[in-house]
Amino acid sequence: MNNVIAIDGPAGAGKSTLARLLARKLKYRYLDTGAMYRAVTWLALRENIDLDNIQGLTSLANNIDIEFSPPSGDRKGRIYVNGNDVTEEIRTPLINKNVSKVARVKGVRDAMVRQQRKLAQGGHIIIDGRDIGTRVVPDAEFKFFITASLEERARRRYTELKEKGTGVNFQEVKAEIARRDKIDSERECSPLTKPEDAFLIDTTGMSIDEVLTRVINIIRTGG
Ligand code: C5P
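Just so you know, we're using the numbering used here here: the sequence shown kicks off at 102 and counts up by one.
Below, the structure written as structure tokens:
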């Protein structure tokens, strides 16, 4: 699919920062699919749906209304669930802790993938997540798999959370990321895995500018 860029990788690898910068540079739209699974998790917790209730979660995912409003000027993009602005609330430790449990449910994934494919229509879009190159848009024009050592990913996430004023502990952040990666990689339905035809970039020790330059070079030269 022309003008579609898929970015996959584990938690904290810097996918969304890269995707945002790339979208601005190329004047593409950006779809954060992780935010959609976070949105489903937020609603499930709010509606007291047991996270082992597969049918309850599937039906919730089939009926949820998720809307994105794109960034404009200095204003960041926002995400709404059934009309509620949940932009900040989907990034809390409570959601981090539960999202992979919700995202492993096949019915939830099927519903989200359907919406993601609809949003991808028209192209000129960068999509990041865990199964974008393998399932959502396997015919994307470019696929990247962005990773980094667990230590470095945990450090980046820790710094980010601390800057937001969230009281966090480094070892806890690291354990949380490792746990999420394990569930995401071992689940039955479209697990996190590098698409065979994706460019692999290990960003350990790289700055975001270096990563962006590498990706843009690949896009310009076709790899
Ligand atoms: O990208 P982010 O860390 O916000 O994603 C949150 C969680 O959503 C992941 O840990 C994973 O469980 C789930 N996810 C997924 N498939 C995607 C995007 C995210 O399963 N395409």
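Think of the CB as a built atom: it goes at the ideal place given N, C-alpha and C, for glycine as much as any other residue. Here the structure is a predicted model, which is why all the values come from computation and not from measurement.
- For V105, there is no enclosing alpha helix (DSSP H); the enclosing beta strand (DSSP E) has its first and last residue at 105-109.
- Between L158 and G208, the CB-CB gap stays under 8 Å.
- Residue side-chain check: Y129 keeps its Cβ at 7 Å or more from all non-hydrogen atoms of ligand 1.
- Assignment of beta strand (DSSP E) within the stretch 162-213, counting only whole runs of 3 or more residues, yields 167-170, 179-182 in chain order.
- Contact check for A114 against A249 passes: the beta carbons are separated by less than 8 Å.
- Not one heavy atom of ligand 1 lies closer than 7 Å to the C-beta of A212.
- CA-CA distance, V274 to R281, rounds to 11 Å.
- Its Cα nearest to that of G323, the residue A299 stands out among S291, A162, A299.
- Going by DSSP, G230 is part of the beta strand (DSSP E) stretching over 226-230.
- Restricting attention to V141, I319, Y259, E242, the CA atom closest to the CA of D166 is found in V141.
- Judged by beta-carbon spacing, G234 lies within the 8 Å limit of P296, meaning their Cβ atoms are closer than that value.
- Ranking V312, R121, N183, N149 by CA distance to the CA of N199 puts N149 first.
- Relative to ligand 1, the nearest heavy atom lies less than 7 Å away from the CB of I233.
- For D282, the secondary structure class from DSSP, reduced to helix, strand or coil, is helix.
- DSSP, reduced to helix, strand and coil, places D151 outside both helices and strands of the structure shown, so it counts as coil.
- Comparing alpha carbon positions, the residue from I319, L127, E277 closest to K244 is I319.
- At a cut-off of 3 residues, the continuous stretches assigned as beta strand (DSSP E) that sit fully inside the stretch 219-277 are 226-230, 243-248.
- When Cβ pairs closer than 8 Å are counted between the two stretches, the stretch 259-268 is seen not to touch the stretch 307-318, the count staying below three.
- Burial of G110 is indicated by the presence of at least 16 other C-beta atoms within 10 angstroms of its C-beta.
- Beta-bridge analysis with DSSP links R130 to I226.
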